[in-house]
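Heads up: the structure comes next, in structure tokens.
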Amino acid sequence: MNRWEYKVVYVDFRGRISSEGAEYIRQGGEHRTGFVRGYLDKLGEEGWELTGLLPLMRPESSYFMLKRPAQAAAASEG
Numbered sequence: 355m356n357r358w359e360y361k362v363v364y365v366d367f368r369g370r371i372s373s374e375g376a377e378y379i380r381q382g383g384e385h386r387t388g389f390v391r392g393y394l395d396k397l398g399e400e401g402w403e404l405t406g407l408l409p410l411m412r413p414e415s416s417y418f419m420l421k422r423p424a425q426a427a428a429a430s431e432g
């Protein structure tokens, strides 16, 4: 049976990403989509896969849901 680890990320395309207490702020001159893509690329390198997206009532904001195999989580922490 597969075991998964999950991550929920709040994304405000105007320039802020928040996940598990960590905040990431877009730098001046950085494009909105490039900022989010760069963050997702980093998570992909860590074994995370985007599995869902929940647009919020607040314009330009969404929750991104990601998962990765539980053994990948143990390996990256050790």
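All residue numbers for the sequence shown refer to the working numbering, where the first residue is 355 and numbers rise by one.
Just so you know, even glycine gets a beta-carbon here, dropped at the ideal spot from N, CA and C.
Computed from a prediction, not measured in an experiment: that's the story for all the values here.
(message) With H, G and I counted as helix, E and B as strand and the rest as coil, what does DSSP make of Phe-418?
(response) Numbered from 1 along the sequence shown, position 64 holds the residue referred to as residue 418. Of the three classes helix, strand and coil, the one that applies to Phe-418 here is strand, per DSSP.
(request) Determine the DSSP secondary structure at Glu-399, reduced to helix, strand or coil. (result) Numbered from its first residue, the sequence shown carries residue 399 at position 45. DSSP places Glu-399 in helix when its eight states are reduced to three.
(message) Buried or exposed, going by whether 16 or more other CB atoms sit within 10 Å of the CB of Val-362?
(response) Stepping through the sequence shown from its first residue, residue 362 is reached at position 8. Exposed, by the Cβ-count rule.
(message) At the level of alpha carbons, what is the spacing between Phe-418 and Gln-381?
(response) To locate residue 418, count along the sequence shown from 1; it is residue 64. To locate residue 381, count along the sequence shown from 1; it is residue 27. Between Phe-418 and Gln-381, the alpha-carbon positions lie close to 21 Å from each other.
(message) Just to confirm before moving on: does the CB-CB distance between Arg-386 and Phe-367 stay below 8 Å?
(response) In the sequence shown, the residue the question calls residue 386 occupies position 32. In the sequence shown, the residue the question calls residue 367 occupies position 13. Between Arg-386 and Phe-367, the C-beta gap is smaller than 8 Å, which places the two residues in contact.
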